[in-house]
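Residue numbers (this note's numbering), protein chains in the order written: chain A, 1267 to 2045; chain B, 191 to 486; chain C, 13 to 189.
We treat Cβ as the ideally placed atom computed from N, Cα and C, and that holds for glycine.
Keep in mind the model is a prediction, meaning the values are calculated, not measured.
Working notes for the structure below.
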Amino acid sequence: MTGFVNPCAPEDAPIVGRNSPRLDSTVKVTGRAVYTVDIEKPGMLHAKVLRSPHAHARILSIDAAAARSLPGVTAVVTREEITGLNSYGTYVKDQPVVATESVRYVGDVVAAVAAVDERTAFAALDLISVQYEQLPAVFDVRAAMEPSAPAIFPDQPFAAYPEYGDGASGAAHTAHNVSYEFRYETGEESVWADCDYIFEDTFTFSRMNHMHLEPFATVAEATANEIEVWTSTQSPFPMRKELARVFGLPENDVRVNVPLLGGGFGAKNGPKTEAIAIRLSQLSAGRPVRYCMSTEEVFLTLSQHDAILTVKSGLKADGEFMARQSRVLLNGGAYADASPLVAEKAGYRMPGAYRWKRIDSVCQAVITNSVPAGAYRGFGATQATWASERQVDLIAERLGFDPLELRLKNAKELGEEFVPGESPIDSDLKHGLNLVADAIGYRDRTRSSNRGMGVAIGIKDGGGVNKPAQARVKVTTNGDVFLNCALVEMGQGGHSALCQIVAETLACDPKRVKYAAIDTDNTPFDQGTNASSGIAVMGHAVLQAAERVKCSVLDTAAEHLMLDRQSIRLDNWHIVDAEGTTYELPPLIMDRFGGTGFEFTADGYYKVRNSSSAPLEAPCIFWEIGWAAAEVEVDPETGRVELLQLVVSGDAGKVVNKLGCRGQDEGAAVFGLAQALFEELRYEDGELLNGEALLYRVPLAEDIPRLFSSITQEQGHGAGPFGTKGMGEGGMLPIAPAIAQAIADATGAQLTSLPMTPERVYNGIRAARLRQGGADGNA
Amino acid sequence: MRGQKLGAGLIAQSQSALPPFTLHRPTSLGEAVALSRQHPKAVIAAGCSDLVAQFREGLEPEVLISVQRIKELRAIKNDAGVLRIGSMVSHAEASRSHEVLSSVPALAAAWGSIATVRIRYRGTLGGNLLSRRYRYEMPVILSALGGQMLFQGGDVEALPISSLWDRDSLWDRNLGNVGILTAVTVDTASLLWFGYERSMRPVSTVSLAVRKDPVAGLTVSAVCGSEYRQPFLLSHTAEATDITELDPVSVGGVLAVQLPDEAGDYAGSIDYRRHLVGVLCRRLLAEATGNKGKEG
Amino acid sequence: MSLESPESSEERFAHKVEFELNGSPERHCVPTSATVLDLLRNSCGKQGVRASCERSVCGACTVLVDDLPVAACSTFAFDVDGTRVETVEGLAAQDGTLSAQQQAFRECGGFQCGFCTSGMLMLTTALLRQNPQPERDQIREWISSNTCRCTGYEMILESVERAAELASAKQQDQVSE
C-alpha cells in the first residue's frame, strides 16, 4: 500500500522501539511464557463443576452427601455453602456463585467439587443428585419481553448505575425481563418534519463466542479471612472489589495476581472461575484450588450479544442526514454481566460517524434463558455499526447515491463534536474512507458480473468512561527499570508499548524496562484492561511516572555534579551536560546514597476530567475509528461469497510499536470477517448446537483473502502520550458492513442479518431480482 | 461435555482425567481378532484423533485395543478391479498412494483435501469412518463410491459404508460387535467417474460417482454431507451407454429432489439444500460428461 | 518390529513409555489413558506445550512425533513409545540462540497472546523440514491446521516465509564455513 500520503505524525521522531519486535516476543517464542493455566501450588486441589441440563428449572433438592464422603474429595459447594455470599454483576448484581433457587440456562453451575485430582472430582460430581422442576424457558428477546413470558428473575436483583450527563439516562428493570435500559437524545423532535425522506429498517446481529485459546482459569488460596488468587482476568482491581463484595471481606484481604493472558477479547472481565475456586479453597482448609474450564465450558460461560436493531433515519433530498431514531434489543442471556454497559454503548454509538440534527436512541438488554452475554471486542459498537452502516447503504441504493459519496457527504469533520458535550472527532474520517477505497480501487472498479466492492466506517468512544489509571516507575542504581502498573497483557502488546514509553522518556533501551508482575497488593490501581484504554489512559499515567523519575534523577545529578539543572539530560543512564560531557550515573548514585545504592521511584496518575455536560459522565479521551474496504465475488447460484480483497485501517495517532498496531487492526478485522460470513453461536429452540471447538467455526488462515492488508495511519491528533490513540477494536467495526455492501454491489442482494451465509446471500439475490423486476414494472 | 451419571446435569470431562483402561497393543491381525472376540465391548483405537473427544463425551471403555502396530492394516492393494485400503492407512498415505492415484485419482485428490495437514498425518481411514460423525468426510466420499467395510472378529464380515447411519444396528454396542475394521474395498472395474465437491463445506459437500450398471445403463450415486445431519445417498440409473449421454441438469435435478426433508438444518433449509445439491451435482456431472447441459 | 513378547502386549492401567524428547531419552510410567499432552506437561515439565480445545482441533498443543505434527491432546502416551518427540523447548540452541522459526515469528510479529505460538512454531518446523522453500499456498494450507485468535494470520504467514529465508541463509553460512 504505497503511494498514499497520510496526514502523519512526523516520521523523524519515532518512539524508541517503534520498529522493533515486541518486548514479550522471546518469552512467547520459546514457550517460557507463564499463563494462569501454568500456575501450580504445592498441595493444589482440582475443581470441577456440575452444570444445569435445563434452560430454566427450579431446583427442588440437591443431595451431595455421597460426593462429600468420597475419598479424596475435600469440599463440595452447592447453594447451601454459599449462604451469606453476595451475587455479582457489573451494574446488576444477579449472578450467584452457584445456582440457588433456580437454574436459568443450560450450563448454569449447580455444584462444584474440589478433590485431590481431576478424576476424583469428576467421580464426586457423578454422585450428586439434583431434582429439578422444569419451568417454561424463553430464548428470543422479543418473546422474552411479552408479559406472558416467564419472569427469569421474579425478584429484581440489586442494581446500581451511573449518573449520566446531558441527554443520557439509564435505569434497571424497565420492562418485563429487561435488566437495563439506556436512552440518549439530542436535538429537536421537529427535525423529522424537515426530512424529505424517512426510512426505517430492521437488522439482526449474530452472537459469537470469544474463543480465547486460554480458557478461564484460577488458582485460589483462601480462608474465611483472606483470599489470594492467580487468575486470568483483564481487570485485576475490579475483580478484587467484586470478590471482596461477594465474600464480605475488606479489599486489603483480597489479593489478585494476574499472569499473562492467552487472549481475552472482553471475556475476562468479572468473576468466572474465581468465586468457585475461592469458596472451595475456604472449605478445604485453605489449600490451593485450581479451577480451569474446558473449552466447552467457556462456551457456556459468556458470549457476545446478539441483537435486533431498528433504525429510522430521515434525510433531505440531496442526501443530507437529518434525524435518526434507533431501538436496539440486546440478548443479554441469563445474567446481566456487562449487559448494562454494552447497552449504554450500543445505544450511544448508533449515530455512527455522521452529523445528525436529531438523535434518539433506546437500547434495552433483555434477559433470556441462554448463555450470559458480556463484554466483547467492539462492545456494542459492532452491533451499532452493523445497523448504522448497513442502513446508509440501503438508503444510498434507494435514492441512487454512491454509498461512498453519501458517507463522505455526511461524515463528521475532524474536530467536530460527536454529540453536544462530547469530545471532538480526532481523526480525519473522510481521509480514512478515501484511503481504504483507493487501496482496493473502489472508484476504478469495473462492473464485471458478480464482483463488487464496499466501503464502511466504524466509530467508538475509546478509553472507557471516566477511567482513572495509576502507574509507578522505579530505576535501580545501575539503571535497570521497573514499570509497575495493572495493564494486563492479553496479546495486545500493551506491556511492550508501555515499556517503550518509559524507555522513550528515560532515553534508554526498552529492553532495560521490566514490566513487573501484577498483584493488587503492590501494583498501583487501575480500572481494567478494556475499551482500548492501554495507551491513551494508562499511557499517560506511565508517562507521568517516567517523567517524574527522570526529574528526580536529574535533580539529584545536578545537585551532586553542581551542574545547571536545565542544561543536563539523561541518556542511556548517563548524564549529558551542555557541552556533551557524559557522567556515569551508578558511581554518582553510590557516592551519594552509599550502601547498596538507591532506587528512584515515582508515581503517575491520569483521568479525564468529569463533565456533567458530557452524556456519559466524562468526555471520551479519544475516538477509535475503523475503516475498511472489501471486494467480493459471489456465486449467484449457490450464494457462496469469496472475499477477494480486504483492507482495514486504523488511526494510531502515533505508532508506539508498528508490529503491535498492525496486529491489532488485522486481528480485529478477522473477527469482523468471521462475523460477516460464518462465525456464530447457533441456537435452535434454545439448544446450543455448536458449543465446542470442532463445530464452532473460527477463521483459519485459509479464510483470509489473498489480498489482505492493513494501513496504520498516524494522523497525530490523539490525546494519548505523543499523540497516540488506542487500537484493537476499531478494526472489527466496519468489516461486516463493508462486505455486505460489496455483496450488494456485486449482486443487488441487500442483507440485513449476520452472518451472511450462502443461503441468506442466495435468497437475497432472488429477492433483489424480484425487487428489480417489480421496480421495472412500477417505473 | 458429557451427561452426569445420575442425569443431574452436564460435566466437562477433561483430557487429563480420562478413566484408565486395560490396554492391548497387538502386533498381528490374528492377535487383534482374538482380543476382540475375548472383549466384545472393547474400543478399537487407531490414530485416536477423535477417540479422545469421544472419551470426553462420556465413552469409558474397560478395554482398549490399539491396532497401531498391525502392519497388515496399512496395506493398499488394487487387484482385479477392486481397490482395497487398509483401515490403518492415514489420510496422507492414502492420498499419495500409487494404488489409489492410479485407480481413482479423484479419490486421492479428495482424500488429500479433507481435515487439516496435522490430522491428515494422524487420522486414519478406520477412525474417520467409525467415529460416525456427520461432519467427517470419508463416509461421504466413500459411500458414493459404494465402499464396503470389511470386518474380522465380530458378528459381521462386510457392511456398506452407507450403513454407518443405520439405526438399531450393530453400531449400538448392545446389539452386537462389529469386531475389527480391516479394510475398505471399492469396486473400480465398473467405475466410470468420481468427483468430490467441498467448496461449500461445511454447509454442504457432495461426492458423486458414475458407474456402468451390471444390467444396463449408468448409475449415478451422489452423497450429500453436512454438519448436523447424516450423509444422504441419492441415486439415479439412466438409460445410457456412455457417460456423455447424461444430461447434467436433469440428472442433477432428479438427484436433488431425493434429498429428504430431514436434510434441512440450521445451516440450510431443505429448499436451499435441494437447490444447492442440484447445482453441485450438475457441476460435477458437467465435469464428468464434458457436457454443460442446459444451464438452469 | 517389537522386542516385546506377545504376553507383554497386555498391560493393565499403567504403561511404560520410552521415547526421545528434544534429543534426550525419557522414561515414564503413566496411566494407560494418559495423553501426550499430560505426559509432556506434567511428567516432563514441558509447559510450553499448551492445552486448549482438547479435541485436536485448535492445534495449540502441536508437537512433532517423528517429524510429523501431532495434537498432543489427542494422542495417547502409549503411541509415542519408541518415537522422537519434539516440543517448542527444543527449538532454541543450548545457549539460547533462537532457531530460524523463532527469530522469524519474533521479527514479523507472528504472535500476540502467545498461546498458539508453540503449536504454530512446531507446525512451521515440520513444514520446513518437508519443504525448505514453501510457496504461500502451501504455507496457508499448513497454517490452516491451527487456530490463532489474535493475529488475523497474515503476520504468521509472513513469519513462516521469513523463517524459510532465515533457515536457508543459516544453512548457506554453515556450508560456506
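- Query: Which chain B residues are close to leucine 1316 of chain A, counting only those with a beta carbon under 9 Å from its beta carbon?
  - Reply: Here the neighbours are Gln194, Ala198, Gly199, Leu200, Ile201.
- Could you tell me the boundaries of the beta strand (DSSP E) in which glutamate 98 of chain C lies? Segment 96-98, the beta strand (DSSP E) holding glutamate 98 of chain C.
- Buried/exposed call for isoleucine 275 of chain B, threshold 16 Cβ in 10 Å: By the neighbour-count criterion, in which a residue is buried when 16 or more other Cβ atoms sit within 10 angstroms of its Cβ, isoleucine 275 of chain B is buried.
- Taking all protein chains shown into account, do 16 or more other C-beta atoms lie within 10 angstroms of the C-beta of phenylalanine 1988 of chain A, making it buried, or fewer, making it exposed? By the Cβ-count criterion, phenylalanine 1988 of chain A is buried, with 16 or more other Cβ atoms from all chains shown falling within 10 Å of its own Cβ.
- Near-chain A residues of the segment 341-355 of chain B - C-beta to any C-beta below 9 Å: Going along the segment 341-355 of chain B in chain order, one finds no residue with a Cβ nearer than 9 Å to chain A.
- Contact belief for histidine 1840 of chain A with leucine 1851 of chain A at Cβ below 8 Å, rounded distance in angstroms: The Cβ separation is near 6 Å, so the contact holds.
- Buried or exposed: arginine 1656 of chain A, going by 16 or more other Cβ atoms within 10 Å of its Cβ? If you draw a 10 Å sphere on the C-beta of arginine 1656 of chain A, you find 16 or more other C-beta atoms in it, and that means buried.
- Message: Measuring CB atoms only, is the segment 1385-1402 of chain A touching the segment 1324-1335 of chain A, in the sense that at least three cross pairs come out at less than 8 Å?
- Response: At 8 Å Cβ cutoff, the stretches touch.
- Starting from the Cα of valine 447 of chain B, find the closest Cα among B/Leu200, B/Asp461, B/Ala298, B/Gln258 and give me that residue. For valine 447 of chain B, the nearest C-alpha among the options comes from B/Asp461.
- threonine 1795 of chain A bridges to which residues according to DSSP? Paired residue(s): none; threonine 1795 of chain A is not in a bridge.
- Task: Please look up how many angstroms separate the CB atoms of tryptophan 1622 of chain A and alanine 1583 of chain A, rounded, as I've assumed it's under 8 Å.
- Result: Not a contact, Cβ separation roughly 17 Å.
- Interface residues of chain B facing arginine 152 of chain C [CB-CB closer than 7 Å]: Contact note: arginine 152 of chain C does not reach chain B at a C-beta cutoff of 7 Å; the least C-beta distance is about 11 Å.
- Query: In whole angstroms, what is the alpha-carbon distance linking glutamate 1908 of chain A and glycine 1350 of chain A?
  - Reply: Taking the straight line from one Cα to the other gives about 56 Å.
- Message: Suppose contacts are defined by Cβ-Cβ distances below 8 Å. Is alanine 1662 of chain A in contact with asparagine 1923 of chain A by that definition?
- Response: Their beta carbons are not under 8 Å apart, which means alanine 1662 of chain A does not touch asparagine 1923 of chain A by this criterion.
- Query: For a contact meaning CB atoms closer than 7 Å, what does glutamate 417 of chain B contact in chain A?
  - Reply: Against chain A, a Cβ distance below 7 Å from glutamate 417 of chain B picks out Leu1961.
- Task: Would you mind listing the beta strand (DSSP E) stretches within the segment 1295-1364 of chain A that are 3+ residues and don't spill past its ends, in chain order?
- Result: Runs of the beta strand (DSSP E) inside the segment 1295-1364 of chain A: 1311-1317, 1323-1329, 1339-1343.
- Given that proline 1287 of chain A touches chain C, what residues does it touch there, using C-beta distances under 8 Å? Here the neighbours are Arg118, Glu119, Gly121.
- CB arginine 1506 of chain A to CB valine 1524 of chain A, shorter than 8 Å? Valine 1524 of chain A sits away from arginine 1506 of chain A, with the two beta carbons spaced by 8 Å or more.
- Message: Tell me the DSSP secondary structure of alanine 305 of chain B in three-state form.
- Response: Assignment of alanine 305 of chain B by DSSP, reduced to helix, strand and coil, places it in the coil class.
- Task: Give a yes or no on whether the minimum CB-CB distance between arginine 246 of chain B and chain E is below 8 Å.
- Result: No chain E appears in the structure shown, which is made up of the protein chains A, B and C.
- Which of helix, strand or coil DSSP assigns to tryptophan 1622 of chain A: Of the three classes helix, strand and coil, the one that applies to tryptophan 1622 of chain A here is coil, per DSSP.
- Task: Give me the Cα-Cα distance between aspartate 185 of chain C and glycine 313 of chain B, rounded to the nearest whole angstrom.
- Result: Here the alpha carbon of aspartate 185 of chain C sits roughly 38 Å from the alpha carbon of glycine 313 of chain B.
- Message: What would DSSP say about asparagine 318 of chain B, mapped onto helix, strand or coil?
- Response: Helix, per DSSP.
- Query: Are there 16 or more other CB atoms within 10 angstroms of the CB of glycine 271 of chain B, so buried, or fewer, so exposed?
  - Reply: Here glycine 271 of chain B is exposed: its Cβ has fewer than 16 other Cβ atoms, across all protein chains shown, within 10 Å.
- Sufficient close CB pairs (3 or more, under 8 Å) joining the segment 1641-1660 of chain A to the segment 1677-1691 of chain A: When C-beta atoms of the segment 1641-1660 of chain A are compared with those of the segment 1677-1691 of chain A, fewer than three pairs fall below 8 Å, so the two segments do not count as touching.
- Item | Residue ranges of each alpha helix (DSSP H) within the segment 1800-1836 of chain A, 4 or longer | If we require 4 residues or more, the alpha helix (DSSP H) runs fully inside the segment 1800-1836 of chain A come out as 1805-1827.
- Task: Starting from the C-beta of glutamate 22 of chain C, find all residues in its chain whose C-beta is less than 6 Å away, skip the five residues before and the five after it, and write them out in chain order.
- Result: Because glutamate 22 of chain C sits at a pLDDT of 45, beneath the cut-off of 50, its placement in the model cannot be relied upon, and the following sentence gives the value as read from the coordinates. Here glutamate 22 of chain C has no same chain residue with a Cβ atom under 6 Å from its own Cβ, once five neighbours each way along the sequence are excluded.
- Task: Could you work out which residues of chain B lie near leucine 1391 of chain A, taking near to mean beta carbons separated by less than 7 Å?
- Result: What leucine 1391 of chain A touches in chain B: Gln194, Ile201.
- Message: Taking DSSP's pairing of strands, which residues face threonine 47 of chain C in a bridge?
- Response: C/Phe88.
- Task: Report all residues from its chain with a CB closer than 6 Å to the CB of arginine 1738 of chain A; omit the five preceding and five following residues, and keep chain order.
- Result: So the qualifying residues of the chain are Asn1750, Pro1790, Ala1811, Asp1869.
- Message: Run through chain A and tell me which residues come within less than 7 Å of cysteine 70 of chain C, C-beta to C-beta.
- Response: For cysteine 70 of chain C, the chain A residues whose Cβ falls inside 7 Å of its Cβ are Leu1479, Ala1959, in order along the chain.
- Quick one: what does DSSP say asparagine 268 of chain B is sitting in, helix, strand or coil? Per DSSP, reduced to three states, the secondary structure at asparagine 268 of chain B is strand.
- Counting along the chain, where does the alpha helix (DSSP H) carrying glutamine 338 of chain B start and finish? Careful: glutamine 338 of chain B lies outside any alpha helix (DSSP H), inside the beta strand (DSSP E) at 338-342.
- Evaluate histidine 288 of chain B with the Cβ neighbour count: other Cβ atoms within 10 Å of its Cβ, from every protein chain shown; 16 or more gives buried, anything less gives exposed. Histidine 288 of chain B comes out exposed.
- Query: Three or more beta-carbon pairs under 8 Å between the segment 290-308 of chain B and the segment 380-394 of chain B, yes or no?
  - Reply: Flag = yes, the segment 290-308 of chain B and the segment 380-394 of chain B touch.
- Task: Using a Cβ-Cβ cut-off of less than 7 Å, give me the residues of the segment 294-305 of chain B that come near chain C, in sequence order.
- Result: Cβ contacts with chain C: none found.
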